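Asker: Right, I'll just put the structure down here and ask away after.
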Amino acid sequence: MGKEYRAKSFKSGNSVAMRMPAALGIEPDREWTITEQNGEYVVREIGAPRRKFNIDKVAGSATSLKPIKPEDRVFEERPLRWDLLGGSDGS
125 MGKEYRAKSF KSGNSVAMRM PAALGIEPDR EWTITEQNGE YVVREIGAPR RKFNIDKVAG
185 SATSLKPIKP EDRVFEERPL RWDLLGGSDG S
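All residue numbers for the sequence shown refer to the working numbering, where the first residue is 125 and numbers rise by one.
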């Protein structure tokens, strides 16, 4: 069994919160699931929060980009299996 820590619950609005010891190294703003199993609570971290993309860092940075001319848009012809879409007439 790992180390054991004590935590204290307290009222927070209409909920009960629990203050976790700093020694656990838990970062703020994480999400957790709490499961009750045989009268005991199991707490598991859901995962790290997703990073948010900040468009301000890239907006306007590619000012030299130009649209591709129609004659430069070259694609190799290839057979397409329209019958796999489920249509009877191929459209």
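Idealized CB from N, CA, C, for every residue including glycine. Since the structure is predicted, the reported quantities are computational estimates derived from the model, not experimental observations.
Please state whether DSSP places A141 in a helix, a strand or coil.
Answerer: As a working note, residue 141 is residue 17 in the sequence shown. Reduced to three states, the DSSP call for A141 is strand.
Asker: Quick check on the DSSP output: what are the complete beta strand (DSSP E) runs of length 3 or more inside the stretch 125-179, in order along the chain?
Answerer: Complete beta strand (DSSP E) runs here, min 3: 132-136, 139-143, 155-161, 164-171.
Asker: Can you check which of these residues, R168, L204, K176, is closest to E160 by C-alpha distance?
Answerer: Counting from 1 along the sequence shown, the entry for residue 160 is found at position 36. Of the candidates R168, L204, K176, the one whose C-alpha sits nearest the C-alpha of E160 is R168.
Asker: Let me know the secondary structure DSSP gives G214 once reduced to three states.
Answerer: One-based indexing of the sequence shown puts residue 214 at position 90. With a pLDDT of only 49 at G214, under the threshold of 50, the placement of this residue in the model should not be trusted; the figure read from the coordinates follows. Coil, per DSSP.
Asker: Would you call the CB atoms of M144 and I150 closer than 8 Å?
Answerer: Working through the sequence shown from its first residue, we reach residue 144 at position 20. Working through the sequence shown from its first residue, we reach residue 150 at position 26. Their beta carbons are under 8 Å apart, which means M144 touches I150 by this criterion.
Asker: Shorter than 7 Å, the distance from the beta carbon of L148 to the closest heavy atom of the ligand SAH, or not?
Answerer: Of ligands this structure carries none, so the ligand SAH is not represented either.
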